[in-house]
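Residues 5 to 664 in our numbering are what the sequence shown lists, from first letter to last. Backbone N, C-alpha and C fix where the C-beta goes; we use that ideal spot for every residue, glycine too. Worksheet for the structure shown next.
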Amino acid sequence: MNAILGFTCIVVGFAASVLGAGGGIVALRTGRTDVLRTVRQWAWIVVGAGVGAFIVMEVALFQRDYSLTYVSSVGADDTPALFNFAALWSALEGSIILWAMILGLYIGAMLIKFRKRTDDELWGWALVVMLAVAAFFFGLMLGPAAPFTQTDVPIGFEGPGPNPLLQNHILMAFHPPMLYLGYVGFTVPFSFAAAALITGRVGEGWLVETRRWAVAAWGFLTAGIVLGAWWSYEVLNWGGYWGWDPVENASLLPWLTGTAYIHSVMVQERRGMLRVWNLSLLCATFSLTILGTFLTRSGVVESVHAFSDGGVGPWLLVFFAVIAVFCIFLIGWRGDRLSSPGSIDSPLSREASFLANNLLFGALAFVVLLGTVFPLIAEALDGSRLRVGRPYFDSMSRPIGLVILFLMAAAPVLPWRKASNELLSKRLFWPAVAGVAAMAGALLLGGRGFYPILTFGLGGFAGGAAVRQVVLASRRQGWRGFVGRTNGGMIVHVGVVLLAVGMAASESYRSDETVVLTPGESAVVEGRTFTYVEPGIENNDRVTKVFAEIDIDDEGTYAPAITNYVRIGATVATPSVRTRFTHDVFLVLDDLPSRADDTIRLRIVIRPMVMWLWIGGGLMAFGTLLALFPGKRRRGTEPVSEPIGKAGSAPTSASSTAGG
């Protein structure tokens with residue numbers, strides 16, 4: 005029954021997507037508004053089909069319906085409920101269901117938000133694009149990624165369960181959905197950008213319609229990346245949180261271009277500038293989400309994050325190429341309408357700083373993209389097996405990141421159009437003091453090294469500028485000063501600063517040592533005493549966990565383990581982490597305790613300020629939430645944009661507090 009219901013949902017979703025997109029094109033080309041209203045009905049069917057397929061697969065997982073091939077490969081009788089629920093996105097076919105379901109929810113949200121725009125051409129083309137994307141993903145589930153195929157299983161079959169690494173930490177219930185909400189969320193602003201190009205309404209109107217959608221998608225993607233880093237740190241046994249893995253890079257790429265877009269779009273809203281650049285950034289962001297999906301699900305890269313090849317790789321690559329050609333054609337076709345009415349008056353202006361910010365994010369995205377795909381290109385050309393490692397990414401990204409930190413300090417205090425030297429010196433004084441104080445504090449606490457000390461200084465500089473803006477806004481407007489895109493963005497900046505400082509400290513001053521201990525024996529590492537108390541074992545039908553109790557400074561016992569997942573037959577190291585505000589202690593068993601005398605090889609990693617990364621990520625999410633609400637407008641600030649369909653005009657006010 006589940007197979008029939010699920011397959012029916014996919015067929016209905018695919019048919020409704022195709023009919024809706026095709027009907028929308030006909031309606032918009034012929035001016036048939038009655039047909040366009042019918043397209044909304046097809047769109048609601050797509051929403052229901054996506055949600056229906058998701059529900060059917062979840063029901064099958066909880067019923068342990070092993071007649072479905074997917075359930076028989078990721079389900080198990082003894083998988084805990086939370087991980088059984090998350091098993092839906094633990095493999096290829098289920099992840100496509102999740103994508104289609106989230107895309108359907110975004111379509112439904114659009115239908116509700118723009119329910120009064122039934123006859124609007126821009127909205128109509130945006131819906132057509134959304135339905136066309138939905139048709140592709142439903143089509144994948146009818147072909148190479150069919151999730152509801154059936155199989156014969158022997159009597160008493162109980163299933164292996166999800167990948168061991170995906171069923172031993174609660175973050176797996178949140179990290180992938182957050183990433184998908186970000187990935188898929190960028191389809192909405194992309195669809196409106198494509199609609200603006202198709203209709204020729206390339207002014208600032210479509211930006212007004214989509215800016216909160218873009219901010220929300222960016223926030224979800226940010227949360228997904230941070231949660232993924234946290235999961236990697238807590239689950240994998242290498243003691244790190246970001247390894248420049250190709251699949252990690254695949255999520256970072258659209259985040260970089262999306263970040264550039266969110267900043268530069270304010271220049272277009274205020275000054276009518278950077279139209280081609282903003283459209284290109286949105287097209288690049290959406291294209292990179294498809295490229296990231298290809299890298300994750302095609303099997304072309306080896307990664308703990310990647311799925312094996314299920315035959316979807318060529319289809320995703322073709323779809324990526326179609327999107328890229330489609331965008332290039334539309335931008336070229338409308339090139340004569342994309343000229344900007346404004347221009348940069350001075351390099352000491354907010355628009356100039358945003359342009360520099362965009363160039364840096366673009367350069368960083370290129371560096372990451374080159375290092376990610378170059379091994380694939382080399383292998384395709386001559387069979388070479390290359391690997392671009394951490395030294396390349398660190399050496400290329402570090403200087404770009406430092407300059408971005410500097411711009412984060414300068415941009416918020418710059419007015420639109422032009423700033424005087426006197427104004428800048430006044431507004432940058434206290435942020436500069438904060439930066440110098442941060443560097444001095446780091447040196448007094450024993451910090452060494454050019455890059456980390458410079459990061460602390462620039463972090464203090466940027467954080468001081470952001471805090472200054474928030475304090476000024478709260479003085480003028482009370483608690484409302486914290487709400488709105490400008491001040492929410494400043495909270496995000498503070499979060500970024502904490503992330504940058506935490507990364508600099510944890511990477512530059514980490515200590516990594518392996519000790520051999522017998523029960524009762526102690527070792528001192530970085531002034532901390534580690535005492536091996538005794539080994540232990542936990543057994544159940546699902547796992548066999550062999551652990552070692554380690555006492556740290558007589559303040560608590562921690563238990564790194566070697567865990568064997570019985571049904572799969574896979575063995576993984578399970579770290580134990582002691583977290584403090586100033587440092588983390590990361591413990592890993594390198595192998596099982598010796599049978600002769602219970603001797604263990606214990607790897608001890610001490611990393612300062614790791615918690616600051618998670619706090620910074622939380623602040624970024626909180627700032628994004630604040631940015632989604634309308635802030636209090638000040639008198640004399642420039643209008644955000646022209647009404648929809650008009651090509652924005654140059655503003656008349658040079659208020660230094662607007663935007664940001």
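Rounded C-beta distance between residue 295 and residue 254? I'm assuming under 8 Å. 7 Å
Residue ranges of each alpha helix (DSSP H) within the stretch 417-448, 4 or longer: As far as the stretch 417-448 is concerned, its whole alpha helix (DSSP H) runs of at least 4 residues are 425-448.
Have a look at 16, 45, 64 and flag the residue whose alpha-carbon is nearest the alpha-carbon of residue 28. 45
Please give the ranges of any beta strand (DSSP E) in the stretch 476-529, keeping only runs that are unbroken, at least 3 residues long and fully inside the region. 515-521, 526-529
Is there a Cβ from chain B that is less than 9 Å from the Cβ of residue 339? Checking the listed chains, one finds no chain B in this structure; it contains a single protein chain.
Is it buried or exposed for residue 433, if we count other Cβ within 10 angstroms and need 16 for buried? exposed
Beta carbon of residue 154 nearer than 9 Å to that of residue 94: no
Ordered along the chain, which non-local residues of its own chain (more than five positions away) have a Cβ less than 7 Å from that of residue 50? 17, 20, 21, 24, 108, 111, 135, 138
DSSP on residue 643, reduced to helix/strand/coil? Caution is warranted here: a pLDDT of 36 is assigned to residue 643, below 50, making its placement in the model unreliable, and the coordinate value is therefore given only provisionally. The answer is coil: DSSP assigns residue 643 none of H, G, I, E or B.
Give me the residue from 14, 477, 467, 633 with the minimum Cα distance to residue 100. Looking at the Cα atoms, 14 is the closest of the given residues.
Beta-carbon proximity check, residue 622 vs residue 504, cutoff 9 Å: no
The stretch 225-233 touching the stretch 258-265, judged by at least three CB pairs closer than 8 Å: yes
To the nearest angstrom, how far is it from the Cα of residue 472 to the Cα of residue 435? 8 Å
I need the DSSP call for residue 294, collapsed to helix, strand or coil. helix
Just the Cα atoms here: how many angstroms apart are residue 547 and residue 568? 6 Å
Tell whether a beta-carbon distance below 9 Å holds between residue 428 and residue 352. yes
To the nearest angstrom, report how far apart residue 500 and residue 454 are at their CA atoms. 20 Å
If you reduce the DSSP assignment to three classes, tell me which class residue 612 lands in. strand
Using 8 Å as the threshold, is the stretch 71-78 in touch with the stretch 142-159, meaning 3 or more CB pairs across them? yes
Where residue 403 and residue 545 are concerned, what is the direct C-alpha to C-alpha distance, given to the nearest angstrom? 51 Å
Between which two residues does the alpha helix (DSSP H) carrying residue 587 extend? No alpha helix (DSSP H) contains residue 587, which is instead part of the beta strand (DSSP E) from 587-593.
Within 10 angstroms of its Cβ, does residue 381 collect 16 or more other Cβ (buried), or is it exposed? exposed
Secondary structure at residue 542, three-state DSSP: helix, strand or coil? Here residue 542 sits in strand by DSSP.
Distance, Cα to Cα, residue 57 vs residue 103? Whole-angstrom Cα-Cα distance: 11 Å.
Please report how far the alpha carbon of residue 415 lies from the alpha carbon of residue 7, in whole angstroms. 55 Å
Going by DSSP, which residues form a beta bridge with residue 559? DSSP, once it has assigned bridges, lists no residue as partnering residue 559.
Between the alpha carbons of residue 40 and residue 118, how many angstroms are there, rounded? 13 Å
Distance, residue 123 Cα to residue 133 Cα: 16 Å
On the CB-based measure, 16 or more other CB atoms within 10 Å of its CB, does residue 231 come out buried or exposed? buried
Nearest-angstrom beta carbon gap, residue 337 and residue 144 [assumed within contact, 8 Å]: The pair is not a contact, with the Cβ atoms about 29 Å apart (cut-off 8 Å).
Kindly indicate which residue of 332, 252, 431 has the alpha-carbon position closest to the one of residue 393. The option with the nearest alpha carbon to residue 393 is 252.
Evaluate residue 640 with the Cβ neighbour count: other Cβ atoms within 10 Å of its Cβ, from every protein chain shown; 16 or more gives buried, anything less gives exposed. At residue 640, the pLDDT of 38 sits below 50, so the modelled position is not reliable; the number obtained from the coordinates is stated separately. Classification of residue 640: exposed, given that the 10 Å Cβ count is below 16.
CB-CB length for residue 193 against residue 218, believed under 8 Å: About 4 Å separates the Cβ atoms of residue 193 and residue 218, confirming a contact at the 8 Å cut-off.
Excluding the five sequence neighbours on either side, which residues of its own chain have a C-beta within less than 8 Å of the C-beta of residue 37, listed in chain order? Closer than 8 Å at the Cβ level, and outside the excluded window around residue 37, lie 31, 122, 123.
Using C-beta distances below 8 Å, list every residue in its chain close to residue 401, excluding the 5 sequence neighbours before and after it, in chain order. 368, 371, 372
Can you give, in chain order, each stretch of the alpha helix (DSSP H) that sits fully within the stretch 151-220 and has at least 4 residues? Taking only runs of at least 4 residues, the alpha helix (DSSP H) segments lying wholly in the stretch 151-220 are 179-189, 191-203.
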